[in-house]
Amino acid sequence: MEGRWVLHFDMDAFFASVEQLTRPTLRGRPVLVGGLGGRGVVAGASYESRVFGAKSAMPMHQARRMVGPAAVVLPPRGVVYGVASGKVLDTVRAMVPILEQLSFDEAFGEPTELVGADAADVHRFCEELRARVRAETGLVASVGAGSGKQLAKIASGLAKPDGIRVVRRDEERVLLAGLPVRRLWGIGPVAEERLHRLGIDTVGALAALSASEVADVLGGTVGPALHLLARGVDDRPVAERLGAKQISAESTFAVDLNTLAQLREATGPIGEHAHERLVRDGRGARTVTVKLKKSDMSTLTRSATLPYATADSATLIGTARRLLLDPVEIGPVRLLGVGFSGLSDVLQESLFPDLDQTLEASDSHLAGPVAVAPEESVTAWRIGDDVTHSTYGHGWVQGAGHGVMTVRFETRATGPGQAHTLPHGSPDVTRANPVDSLDWPEYVASMVQSD
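Take the sequence shown: its letters are residues 1 to 451, numbered as in full-length UniProt numbering.
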């Protein structure tokens with residue numbers, strides 16, 4: 001469409017920002033969200049953490065070392081991010097009815113009222129959009145605008161943090177030309193390396209090639225599409241996205257695994273990778289599947305269906321580990337996959353996942369209910385758990401050990417709260433729904449009714 005404007009709406013440091021929103025004591029502090037174990041990965045880092053070099057997808061131990069003792073490390077709360085994302089996107093849809101949601105924290109939109117508008121009008125529209133989101137949710141977004149999805153996404157990256165970048169028609173080519181070729185949508189590490197070997201390091205250099213040269217380097221199917229993007233030609237429509245039916249990750253091992261202990265260890269990083277994608281997708285999963293490819297290339301799969309949909313990594317990965325088969329019995333394993341299905345929007349996770357001991361499991365050898373023992377003993381409280389106290393209200397566990405726990409009692413609406421040290425088994429403290437930390441009862445009720 002001539003004169004179209006595509007917007008890319010991207011929440012700033014979303015996971016960490018939601019933690020700082022719902023736990024006001026953390027505002028201004030370096031927050032890391034992700035796996036807490038030895039193989040944990042950073043799912044989100046606040047801007048206070050990023051100044052030290054910490055970033056998403058980095059090993060958590062490396063990020064903690066960079067930030068130092070000031071780092072606040074919290075497990076992900078997918079259910080909270082899902083509700084926060086819903087409220088943010090509902091607010092955006094009030095101005096931009098059709099959104100192509102990419103993840104919890106980003107989406108494309110193409111407002112019809114901006115067709116033919118000048119850059120100043122687009123900037124004013126983006127300012128109003130950001131202001132509404134800030135007023136309705138307390139969260140900050142950056143917005144990029146351009147003639148297509150490619151330029152809009154690049155622009156929102158340039159706008160971060162907490163900004164707006166509108167790419168005018170007369171500056172598109174210059175902006176694209178100077179970018180590293182990897183910034184182009186669809187250029188992965190393999191294509192990047194191939195282009196670098198030919199001395200093509202920038203988007204401008206790729207755009208300067210002929211169509212036949214690009215096809216020779218990147219293939220006759222992908223090459224022409226990437227060549228158009230490099231030249232600023234991007235007419236892909238903005239459309240509502242259908243959610244994936246399954247999210248999975250797998251790995252082929254350089255050396256076959258021969259013990260159950262090796263399989264269990266490998267399940268951690270593979271499951272974390274699948275879980276990170278699940279969290280980004282904004283949903284929870286009810287069914288966990290493991291795939292085992294043996295050295296003879298035959299494949300075994302086992303699945304377990306939980307009594308609830310959840311985005312809790314410990315529950316999902318723990319379930320995957322309980323489904324593993326011993327290589328001593330089935331033979332060496334060359335590939336392991338972990339998949340999550342039965343995907344749905346999640347409002348409430350199991351409050352006592354350690355008590356959900358009976359799963360419906362099936363594989364090529366097995367059908368019917370299977371009783372599974374806890375993978376390991378479960379500590380009553382962990383850092384980041386949401387609790388409620390009969391007197392102090394909603395809070396979260398800041399620390400636990402030696403028979404006591406420190407709980408900070410606060411929510412989004414309270415401002416920084418008081419901390420209290422309580423006996424580990426205090427009868428006044430019970431587990432709480434993490435969503436309550438958002439303190440949006442009317443919005444949450446409307447989501448339940450719409451379901």
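Backbone N, C-alpha and C define an ideal beta-carbon position, used for all residues, glycine too.
Starting from the Cα of residue i, find the closest Cα among the options and give me that residue.
i: Pro111; options: Phe104, Gly34, Glu100; result: Glu100
i: Lys153; options: Pro269, Arg50, Thr22, Asp105; result: Asp105
i: Lys160; options: Gly144, Ser295, Arg173; result: Gly144
i: His402; options: Ala413, Phe409, Thr421, Thr388; result: Thr421
i: Ser212; options: Ala225, Thr202, Gly204; result: Ala225
i: Ser103; options: Val42, Arg408, Gly78, Trp185; result: Gly78
i: Arg173; options: Gly186, Ser142, Pro189, Leu206; result: Leu206
i: Gly3; options: Ala141, Val404, Val167; result: Val167
i: Met405; options: Gly35, Ala413, Ile383, Thr391; result: Ile383
Can you give the Cα-Cα distance for residue i and residue j, rounded to whole angstroms?
i: Ala45; j: Leu278; result: 18 angstroms
i: Leu176; j: Val214; result: 17 angstroms
i: Val444; j: Ala249; result: 32 angstroms
i: Val73; j: Pro30; result: 9 angstroms
i: Arg165; j: Leu7; result: 10 angstroms
i: Leu198; j: Glu192; result: 10 angstroms
i: Glu19; j: Pro416; result: 13 angstroms
i: Ala380; j: Glu442; result: 31 angstroms
i: Glu360; j: Leu325; result: Here the model assigns Glu360 a pLDDT of 37, short of 50, so the residue's position is not dependable, and the following value carries that caveat. Their backbone Cα atoms lie some 16 angstroms apart in a straight line.
i: Thr388; j: Ala432; result: 6 angstroms
i: Pro269; j: Met58; result: 12 angstroms
i: Lys291; j: Leu26; result: 40 angstroms
i: Glu48; j: Ser17; result: 11 angstroms
i: Pro97; j: Ala254; result: 49 angstroms
i: Gly399; j: Gly163; result: 36 angstroms
i: Thr259; j: Ser251; result: 16 angstroms
i: Leu257; j: Ser210; result: 48 angstroms
i: Gln246; j: Gly38; result: 27 angstroms
i: Pro434; j: Ala117; result: 43 angstroms
i: Ala230; j: Ile317; result: 41 angstroms
Could you check if residue i is buried or exposed, using at least 16 other CB atoms within 10 Å of its CB as the buried criterion?
i: Ala261; result: exposed
i: Asp12; result: buried
i: Gly146; result: buried
i: Gly220; result: exposed
i: Met297; result: exposed
i: Gln150; result: buried
i: Asp386; result: buried
i: Gly339; result: buried
i: His394; result: buried
i: Glu410; result: buried
i: His196; result: exposed
i: Glu171; result: exposed
i: Ser156; result: buried
Please check the pair residue i and residue j, which I expect to be a contact at CB under 8 angstroms, by giving their CB distance rounded to whole angstroms.
i: Ser313; j: Pro76; result: 7 angstroms
i: Ala309; j: Ser341; result: Wrong, their Cβ atoms sit about 10 angstroms apart, outside the cutoff.
i: Arg286; j: Leu300; result: The Cβ separation is near 21 angstroms, so there is no contact.
i: Val33; j: Phe52; result: That belief does not hold up - the Cβ atoms of Val33 and Phe52 are roughly 15 angstroms apart, past 8 angstroms.
i: Val288; j: Thr267; result: The pair is not a contact, with the Cβ atoms about 11 angstroms apart (cut-off 8 angstroms).
i: Ala107; j: Phe9; result: 5 angstroms
i: Val238; j: Gly109; result: 6 angstroms
Verify the contact flag: residue i, CB atom, against every heavy atom of the ligand MG, threshold strictly below 7 angstroms.
i: Thr202; result: This structure lacks the ligand MG; in fact it carries no ligand of any kind.
Does the segment 119-128 come into contact with the segment 80-88, if we say contact requires no fewer than three beta-carbon pairs (one atom in each stretch) closer than 8 angstroms? no
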